[in-house]
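Asker: Can you read through this structure? Questions will come right after.
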Amino acid sequence: MPLGQVELALRVIAGLFVIVAPTLLFLGLWRGLEAMRDDELIQQVHRRAEMKDQSPTRPDWSADVLTDAEASPLSATNMSVVTCSTCGTPNMQDATYCQECLRELE
416 MPLGQVELAL
426 RVIAGLFVIV
436 APTLLFLGLW
446 RGLEAMRDDE
456 LIQQVHRRAE
466 MKDQSPTRPD
476 WSADVLTDAE
486 ASPLSATNMS
496 VVTCSTCGTP
506 NMQDATYCQE
516 CLRELE
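So this is what it looks like as C-alpha cells:
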C-alpha cells in the first residue's frame, strides 16, 4: 500500500472520529441526564417539596385555637417582637428578614 493511501485512510478515520465522537458523547450525556431525572433521590426531593407546598402555614390557622404562648413564642421569652406584614410571623426585634417568608421587615 503506497504512503498516499495510508495517509488518506488515516485522514478519513480521523474525520469520521471528529464527526461521530461528539454525537456519541452528546447522546451519552442525554441518557445520563434522563437516568438522573428518574433517580429515586430526585423523586424523594420532589415529593418533599410537594408535601411542603401542601402543608398549612401558621398564618392560615385560626388564632383562637392557639394559646398565647403558641401564637407568639418570642413574646413568651420576654423578647421584643416584630410581626411580618406579609405573613404575620413574629420575628425578633433585630431581625432584618422574616424567618418564614424571607421578606424584608419594615
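Just add 415 to the spot in the sequence shown (first one is 1) and you have our numbering.
Glycine included, every Cβ here is placed at the ideal spot set by N, Cα and C.
Only a predicted model underlies this, so the values are computations on that prediction, with no experimental measurement involved.
(1) Could you pull the start and end residues of the alpha helix (DSSP H) that THR501 belongs to?
(2) Looking at C-alpha atoms only, which residue of THR501, ILE434, SER495 is the closest neighbour of ASP509?
(3) Restricting to runs no shorter than 3 residues, where is the beta strand (DSSP E) found entirely within the segment 434-464?
(4) Taking just the CA atoms, how far does CYS513 sit from SER490?
(5) Would you check if the distance between the CB atom of ILE457 and the CB atom of MET466 is smaller than 8 Å?
(6) Among the residues of its own chain, which have a CB less than 6 Å from the CB of THR504, if the five just before and after it don't count?
(7) Can you tell me which of the three DSSP states GLU422 falls into?
(8) How is the beta strand (DSSP E) around PRO505 delimited, first residue to last?
Answerer: This is what the structure holds:
(1) Taking the first residue of the sequence shown as 1, we reach residue 501 at position 86. Unbroken run through THR501: none, as it is neither H nor E.
(2) As a first step, residue 509 is located in the sequence shown; it is residue number 94 there, counting from the start. When each option's Cα is compared against that of ASP509, the closest is SER495.
(3) None, since the segment 434-464 contains no complete beta strand (DSSP E) of that length.
(4) The count along the sequence shown starts at 1 and reaches residue 490 at position 75. The count along the sequence shown starts at 1 and reaches residue 513 at position 98. Note that SER490 has pLDDT 48, beneath the 50 cutoff, so the model's placement of it is unreliable and the number below is only indicative. The straight-line gap from Cα to Cα measures roughly 16 Å.
(5) Locating residue 457 in the sequence shown gives position 42, where the first residue counts as 1. Locating residue 466 in the sequence shown gives position 51, where the first residue counts as 1. Not a contact, by the Cβ cut-off of 8 Å.
(6) Taking the first residue of the sequence shown as position 1, residue 504 is located at position 89. Contacts found: CYS513, GLU515.
(7) If you number the sequence shown from 1, residue 422 lands on position 7. Note: GLU422 maps to helix in three-state DSSP.
(8) By 1-based counting over the sequence shown, the position of residue 505 is 90. Start and end: 505-507.
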